[in-house]
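Trainee:
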Amino acid sequence: MPEDRINGLVERIMRHRRRLPLLLAAALAVPAAAALAGCGQAATTLTAAPTISISTLPAYHRRQIAFYRGVSEPRPESWQEMVNDKQELLGDGVNAVAIDPPVLIAQRGGLLPREILTGEAANAPNTTRQLHAAGLAVFLDPSTKSPGLSPKFEATAPILSELNDDTVKWADTAEKEQAELFAPLDDYNLVLGTAGANNWSKQVLPLIRQKYHGPLVAKVVPDLSGRPPAPGAPHDFEALDFHGYDYLMLDIYPFGEKFDQKAFSAYVDDVLNRAAAVARRDGLKGVMIGDFGAWRNDVTGLVRQGPLLSEQDQASMAAAFLMQVIPRTQGVFYHGWTLPGRGAKGYKVEDVLKKYFTQAPGQTTPAATGQGNPNGSTHD
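Numbering (the working numbering), first residue to last: 862 to 1241.
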């Protein structure tokens, strides 16, 4: 039987698990009574056995995380690698994983890409369950990004209608799977532009709130050009309206062709100061860093933006960045676990993540045991 049908059957069983023992007893009572009558004995009323839960795993409830120490992996084919590497991630102090299921699949050109994206989307719920079972929180972040395709779309009525439908479906999935964080759309200001992003948020947030009841994240880029504005000028994200969200989450990467640590640190400092002001302005709970990191080398099929850094410089950049952002945010996610050209696993930057993640707030967690948190009662 295909895995999706098995998962569907399991979900239906779980929904009705409290009634199942009684239903089974009733089903067995009919043929048993008939057999007794066939033997010339009077049929008797059979008493149902005491109810016994058939569930082998307790129901998962989302955990309350004080500080998210995360990694993200943009390639769905690599989600299983993070599940397999759960002990290494936990040992590095990681307590959360971000996965980016695809949206707007019908807008992708060609039958094969659509089939691939559909399969990737179908894997997200099971991946979420596996990560939860491993003791890792999950940030569900639907995305239009895909290798070789632009994340941007013209905001026509049909596209917005499909985007709304997709987003609401993922909000429903995030609630059913008890994802700790949910972003309606990855970098939605980059996808829709500033005005389009504001209009879309007003339309879709009430629908999402009907489905998802956990922390809602506005995940954006600070500047649509990917470069800093003129000194003293506002950043693009400041023109967005974040009312209705819980957290502002920013993707911050090195810019330009040659890396300048001093200039980058000044940029990060300015973005964090302005983000804190925006969070106060719009009544948010805080600020997080959605993705950060840098490229070590070019990779065929992946578009590089920003400078190339040596392995040592990548690690040094990450260390300086984490020292800046950890005291001023509620979480940070490194972009790429096994992602070619920039992933952390097996490189010096992994050692940096381990050093700062194990010193970050809330580093002593139930996740370190790999047992998960079925009751959702522990603050991380």
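Just so it is clear, CB atoms sit at the ideal spot from N, CA and C, and this is done for glycine as well.
1) Ends of the beta strand (DSSP E) at R1142?
2) Identify whether S1171 lies in helix, strand or coil by the three-state DSSP scheme.
3) Classify P1092: buried if its beta carbon has 16 or more other beta carbons within 10 angstroms, exposed otherwise.
4) Suppose only complete runs of 3+ residues qualify. What are the beta strand (DSSP E) ranges in the stretch 998-1056, listed by chain order?
5) Where do the ends of the beta strand (DSSP E) carrying D1152 lie?
6) On the DSSP letters alone, give me the boundaries of the alpha helix (DSSP H) that E949 sits inside.
7) Please tell me whether T1199 and S939 are closer than 8 Å, where the distance is taken between their beta carbons.
8) Does DSSP put A958 in a helix, in a strand, or in coil?
9) Any idea what DSSP makes of H993, helix, strand or coil?
10) Quick one: using the 10 Å Cβ neighbour count with 16 as the cut-off for buried, is P1222 buried or exposed?
11) Assuming P937 contacts N984 (C-beta within less than 8 Å), just tell me the rounded distance between them.
12) Quick one: residues in its chain with C-beta nearer than 8 Å to the C-beta of R1203, no 5 flanking neighbours on either side, listed in chain order?
13) For the candidate residues K1119, L1024 and L1046, whose alpha-carbon lies nearest to that of L965?
14) Our contact map puts L997 next to V958 with C-beta atoms below 8 Å; I'd like the distance itself, whole angstroms only.
15) Can you name, in chain order, every residue of its own chain whose Cβ lies under 7 Å from the Cβ of E1118, other than the five neighbours on each side?
16) Check V1160 in the structure and name its three-state DSSP category.
17) Closer than 7 Å by C-beta to V944: which residues in its own chain qualify, once you throw out the five before and the five after it? Chain order, please.
18) To the nearest angstrom, how far is it from the Cα of G1054 to the Cα of V1210?
19) Under the rule that 16 or more other beta-carbon atoms within 10 Å means buried, what is T906, buried or exposed?
20) Are P1045 and I1069 closer than 8 Å when you measure CB to CB?
21) Could you tell me whether the Cβ atoms of E1041 and H1074 are closer together than 8 Å?
22) Report back the beta-carbon spacing between N1050 and D1107 to the nearest angstrom; my notes put them in contact at under 8 Å.
23) By a C-beta neighbour count over all protein chains shown, 10 Å radius and 16 as the cutoff for buried, is N956 buried or exposed?
24) CA-CA distance, D1152 and T1034?
25) What are the boundary residues of the beta strand (DSSP E) that includes V1213?
26) Cα-Cα, which of V1081, A1094, P1090 and P1089 is closest to L1101?
27) List the whole-angstrom C-beta distance separating L1133 from V1186, where the pair is believed to meet the contact cut-off of C-beta under 8 Å.
28) Tell me, to the nearest whole angstrom, how far the beta carbon of Y1114 is from that of Q1071; I am working on the premise that it is less than 8 Å.
29) Could you tell me the distance, in whole angstroms, from the CA atom of A1016 to the CA atom of G952?
30) What are the uninterrupted segments assigned as alpha helix (DSSP H) that are 4 or more residues long and contained completely in the stretch 1050-1099, given in chain order?
31) Tell me, to the nearest whole angstrom, how far the beta carbon of V1148 is from that of A1137; I am working on the premise that it is less than 8 Å.
32) Could you name the residues of the same chain whose beta carbon sits closer than 8 Å to that of P986, not counting the 5 residues immediately before and after it, in chain order?
33) Just curious, the beta strand (DSSP E) that D1107 is in, first and last residue?
34) Taking A1140 as the reference, give the member of K1123, F1103, Y921 and P1090 with the closest Cα.
35) Just grab the DSSP bridge partners of Y929 for me.
36) Rank D1143, G1162, P963 and A1127 by C-alpha distance to the C-alpha of M1178 and give the top, closest one.
Mentor: Concretely, from the data shown:
1) From DSSP, R1142 is part of no beta strand (DSSP E) but of the alpha helix (DSSP H) over Q1122 to R1142.
2) coil
3) It counts as exposed.
4) 998-1001
5) Counting along the chain, the beta strand (DSSP E) containing D1152 begins and ends at G1147 to F1153.
6) K947 to G952
7) Contact flag set, yes.
8) The sequence given here places Val at residue 958; Ala does not occur at that position. Note: V958 maps to strand in three-state DSSP.
9) helix
10) exposed
11) 6 Å
12) G1154, A1155, W1156, R1157, Q1175, H1196 and G1197
13) Considering only alpha carbons, the answer is L1024.
14) At roughly 5 Å, the Cβ-Cβ gap stays under 8 Å, so L997 and V958 are in contact.
15) P1168
16) coil
17) T988, Q991, L992 and A995
18) 33 Å
19) Residue placement at T906 cannot be trusted, given a pLDDT of 39 that sits under 50; the coordinates are not used to answer.
20) Less than 8 Å separates the beta-carbon of P1045 from that of I1069.
21) No, Cβ-Cβ distance for E1041 and H1074 is not below 8 Å.
22) The pair is not a contact, with the Cβ atoms about 17 Å apart (cut-off 8 Å).
23) Buried is the label assigned to N956, since at least 16 other Cβ atoms lie within 10 Å of its Cβ.
24) 23 Å
25) No beta strand (DSSP E) contains V1213, which is instead part of the alpha helix (DSSP H) from K1209 to F1218.
26) V1081
27) Correct: roughly 7 Å between the Cβ atoms.
28) Not confirmed; about 34 Å, so no contact.
29) 43 Å
30) none
31) 6 Å
32) Here the set comprises N868, T1034, K1037 and E1038.
33) Counting along the chain, D1107 falls outside any beta strand (DSSP E), and DSSP gives it neither H nor E.
34) F1103
35) G1192
36) A1127
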